[in-house]
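One structure is given below, encoded as C-alpha cells.
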Amino acid sequence: MKENNTLAKLLGAMGDKFETAYAHCDYPCGIYDPHLAQLSALTVVRMVDLMNAIPKPKPENPNELLDYVHDMARAVEVKEKHAELCKHEIRIIWGDFIKPEHVKAHPELHEIVFNIMKFGGKSKQEPDREAAMKLLNEVNKFSEIFWEIKGIKTKRAKAPYDPHEEVVYPQL
Amino acid sequence: MVPYAKEGDYAVSTNIFFKIGIGDVLVFRSPVDGTLLIKRVKKLEPTDGGSRFFMEGDNRMRSTDSNSFGSIERKSVLGKVIFIARGNRGR
C-alpha cells in the first residue's frame, strides 16, 4: 500500500478506460444543520397562508381567473418543493449523522422522523395548515434533539417574518 | 476514504488473493444499486459458507457504508486494493 505518482501519470495517459469507484455518496463536508429543514417547514406554512389569501376570481372576469390560477400554481409549486426539501434534509441528518447511541439517548427520534415524513407528505397532498404546523412542530423537536447531541443549548422563538411561527434557534 | 484515498486517485486492485481480513480495502459492488465502491473491512461476519464483510469508509462523515446497507457477500467483491496511485482523475 503505497503512493506511486509515476504510475498515476501512466494510468492518466491511458485516458478514461477505468470504472470509477466511489468512497462516498455525498461529499464528506461534515456539515449538518436542521436550519434548512426548519425554513422549509416554515415556507410550507407560509405558502398555505398565501394560497388562502389569493383573491378569488369573479366568474365574469377571465383575467382574474388567469391571475388566480397563475398565483395559485406558483404557491403550490413552492409548497411542494419545500415539503420535499424538508423531508430530504431530515433524512440526511437522520441517516448520516444520527448514530445508534443517539437513538438510545433519545428513543423518540425515530417516531419524530416518521412524523416528519408523514406530515411532509400530507403537506404536499393538501393545502392543510394544521398538517403544515404539525410538520413544523416535529421539525422543531428534531432540531432540539440535534443541538442537544451537539451539546448546544436552544431556545424557541417566533420567526421575525411571516408566518411568525415558533422555531428552534441554537444559542451559539 | 480520505486520507487513504482521495478523489481522483487510482486504486490498483487485484482479484487474486488468499483471504480477506479486517483492515483490507476492497473494491465491491454496492448491494443497493450496483455502484462500484471502495471501503475498508471493519468486521468479518462468519456464515455457513464463509464470511460476510462489514465495510466502512475511513472518513465516517457522510460515508455511505455497511452502517446503512449492511454487510456484503464475497461475490460482491471485485478485488483487494494493493496500492493507491495519487492522481487527478476526473478533477
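Top to bottom, those sequences are chains G and L.
For the first sequence, position 12 matches number 110 in the working numbering, and the numbering has no gaps at all.
For the second sequence, position 90 matches number 593 in the working numbering, and the numbering has no gaps at all.
Cβ coordinates follow ideal geometry from the N, Cα and C atoms, glycine included.
Note that the structure is predicted; figures quoted are calculated from it, not measured.
{"Query": "Taking a contact to mean a Cβ-Cβ separation below 8 Å, would you say L/A508 touches G/A121 in this structure?", "Result": "yes"}
{"Query": "Once you ignore the five residues that flank G/D169 on each side, which residues in its own chain have a CB closer than 6 Å to its CB?", "Result": "I152"}
{"Query": "Going by C-alpha distance, which of L/G537, L/D568, L/M558, L/T517 is nearest G/D194?", "Result": "L/D568"}
{"Query": "Going along chain L in order, which residues have a C-beta closer than 8 Å to the C-beta of G/E117?", "Result": "L539"}
{"Query": "From this set, G/S138, G/P198, G/K248, which residue's C-alpha is nearest G/K177's C-alpha?", "Result": "G/S138"}
{"Query": "Can you round the beta-carbon distance between G/P132 and G/V237 to whole angstroms, since I take them to be within the 8 Å contact cut?", "Result": "7 Å"}
{"Query": "Does the distance from the CB of G/M231 to the CB of G/V143 come in under 8 Å?", "Result": "yes"}
{"Query": "Report the partner residues of L/I541 according to the DSSP bridge assignment.", "Result": "L/V530"}
{"Query": "How long is the line joining the alpha carbons of L/G553 and G/V201, rounded to whole angstroms?", "Result": "32 Å"}
{"Query": "Tell me the residue span of the alpha helix (DSSP H) that contains G/K272.", "Result": "Summary: the structure shown does not reach residue 272 of chain G, with chain G confined to residues 99 through 270, and so no result is reported for it."}
{"Query": "For L/V580, write down the residues that DSSP places opposite it in a beta bridge.", "Result": "L/F531"}
{"Query": "Sorted by chain position, which residues of the same chain lie with C-beta nearer than 8 Å to L/E559's C-beta, five sequence neighbours on each side aside?", "Result": "K542, R543, K545, S566, D568, S569, N570"}
{"Query": "How long is the line joining the alpha carbons of L/E510 and L/G573, rounded to whole angstroms?", "Result": "24 Å"}
{"Query": "Along chain G, in chain order, which residues have C-beta atoms closer than 9 Å to that of L/E542?", "Result": "According to the sequence provided, residue 542 of chain L is Lys. The question's Glu does not apply to it. Ordered by position in chain G, the residues that pass the 9 Å Cβ test against L/K542 are A121."}
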